[in-house]
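> Be aware that the sequence shown starts at -4, since it is given in this note's numbering, and climbs by one per residue. Once you've had a glance at the structure underneath, I'll fire off some questions.
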Amino acid sequence: MSLGRNIRFVGHEIHHISEPNFKSLPQIDNIIYKTTIEELKWAEEATYKIGEWRDIFRSTYIRWALAINGLHQASKTYSDPKWRRSGKKFIVTGFRMRNEVQIVDAPIAKWDGNVAADAHLKSVNMIASYGIIDLYSCFEELIFDFYKSYLKHKPDVFLVGPANKDFRKIYNNRESDPEAWNSAFEERLGNWQRKKLYESLPQVFLSYMNTVGLEKPKDYEHTSPETWVETLKGIAILRNCLTHGQKFVPEDLAEISKKPYSMGFNFKVGEEINLSTKHLMSVELFGDQLLRALNISIIEKAEKEKIKYINK
């Protein structure tokens, strides 16, 4: 789970289209699909989630941006000639043992202003790296959250085939024994997710799109589910480099940087991987735009399906 889940800086509000001031709202980020058709409740739940996930992505990005901003401000403070002339030292303390039994605070580094300023700037790349890893975990949670939500409404994939005979029986008796069904389904869903974790995240996302039957929004000309998958691959490659301590840009990360869906990445083979707030901004922007595209795609899919249920 992303560490940013419990920290929200932005929030989101829900407004009804019938509100008197609806047209004066400064911005509408997503639309919730309301329906009384039970077979389309998956779309209502999915579109309701989008506002929350946009909040999670923004807040996760903001937290890491704040940390990086703090490093820059600290560097500015400690490099100021006034601070250096004051004769002060920047002291880092840690726990140390005294007399082999007592734990005490003790200085473990003592720097003048220039050294302290440089140390803060050198930490930016590391903090930005953790930010990328955290944002990637948001994509993992988002995709599995939407996928599982759909399967709860449409468990058909778990009901086909002779191997699922007993499970189908529990499903068919779900109204008379909902507790047995809920328990069996949660167990099956958990097993499904554990198996899915062996697939790459872009594969899981494409599987979700295909399972639901989501397509590129009809007004989209420059991007599609296929390009969204390629962008996810780029973020995944960067994340893997960071988690495995790869210092230099590999060929596959450099290749992604040449694509039109590279999020502005400009990595070149053999150069050091050096990250900043702008890389976090690019990844957060992709998250924002992916949610927007999903919102439209889900509504278009639901509207197509609605005709089938109305004409029953």
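Even for Gly, the Cβ is constructed at its ideal location relative to N, Cα and C.
Quick check on this structure: which residue in D140, Y125 and S252 has the alpha carbon closest to the alpha carbon of K263?
Nearest option by C-alpha distance: S252.
> Suppose contacts are defined by Cβ-Cβ distances below 9 Å. Is F85 in contact with D107 by that definition?
Yes; because the gap between Cβ atoms is below 9 Å, this pair is in contact.
> Among residues of its own chain, excluding the 5 on either side of G208, which ones have a beta-carbon nearer than 8 Å to its beta-carbon?
Closer than 8 Å at Cβ, skipping near neighbours: K296.
> Name, in chain order, the residues that DSSP records as bridge partners for T88.
The partner list for T88 (beta bridge, DSSP) reads P102.
> So, with DSSP's three-state summary, where would you put R93?
Three-state result, R93: strand.
> Answer yes or no: do L196 and L227 have a C-beta to C-beta separation smaller than 9 Å?
Contact flag set, yes.
> At what residue ranges does the segment 216 to 246 contain a whole run of the alpha helix (DSSP H), taking only runs of 4 or more?
Complete alpha helix (DSSP H) runs here, min 4: 220 to 238.
> Can you give the Cα-Cα distance for I293 and A38, rounded to whole angstroms?
Using only the alpha carbons, I get a separation of about 6 Å.
> Rounded to the nearest angstrom, how far is the Cβ of R49 from that of D24, given a contact under 8 Å?
That pair is a contact at about 6 Å.
> Inspect the CB distances between the segment 130 to 150 and the segment 43 to 58 and report whether three or more fall short of 8 Å.
These segments touch.
> Would A104 be called buried (16 or more neighbouring beta carbons within 10 Å of its own) or exposed?
It is exposed - the Cβ of A104 has fewer than 16 other Cβ atoms within 10 Å.
> Alpha carbons only, please: which of S219, I291, D161 and S257 is nearest the one belonging to M276?
Cα-wise, what sits closest to M276 is S257.
> Let me confirm a value: T31 is counted as buried when at least 16 other C-beta atoms fall within 10 Å, else exposed. Which label applies?
When all chains shown are included, T31 counts as exposed.
> Whole angstroms are fine: how far does the CA of W223 sit from the CA of K254?
Near 12 Å, if we compare the C-alpha coordinates of W223 and K254.
> Pop quiz: T238 and I128 are said to be a contact at Cβ under 8 Å. What is the actual Cβ separation, rounded to whole angstroms?
Sure, about 6 Å apart at Cβ, within 8 Å.
> Under the rule that 16 or more other beta-carbon atoms within 10 Å means buried, what is F17, buried or exposed?
Low confidence applies here, because F17 scores a pLDDT of 49, under 50, leaving its location unreliable and the question unanswered by this model.
> In three-state DSSP terms, what is I2?
Coil, per DSSP.
> Straight-line CA distance for M(-4) to K77?
With a pLDDT of 48 at M(-4), under the threshold of 50, the modelled position of this residue cannot be trusted, and the question is left open.
> What's the C-alpha gap between I98 and A111?
Spanning the two alpha carbons is a distance of roughly 26 Å.
> Along the chain, where does the alpha helix (DSSP H) containing F141 start, and where does it finish?
Looking at the DSSP string, the run of the alpha helix (DSSP H) that includes F141 is V119 to H148.
> What residues in its chain sit with their C-beta under 6 Å from that of R79, if we drop five residues either side in the sequence?
G108.
> Please report the residue range of the alpha helix (DSSP H) in which L196 lies.
That run of the alpha helix (DSSP H) goes L196 to V207.
> Would you kindly work out how many angstroms separate the C-alpha atoms of K44 and L289, rounded to a whole number?
Between K44 and L289, the C-alpha separation is close to 11 Å.
> Based on DSSP bridge pairs, tell me the residues matched to E267.
BP columns for E267 point to F243.
> If you draw a straight line from the alpha carbon of M204 to that of Y142, how long is it in whole angstroms?
About 9 Å.
> Between I27, M121, A62 and I165, which has its C-alpha nearest C236's C-alpha?
Considering only alpha carbons, the answer is M121.
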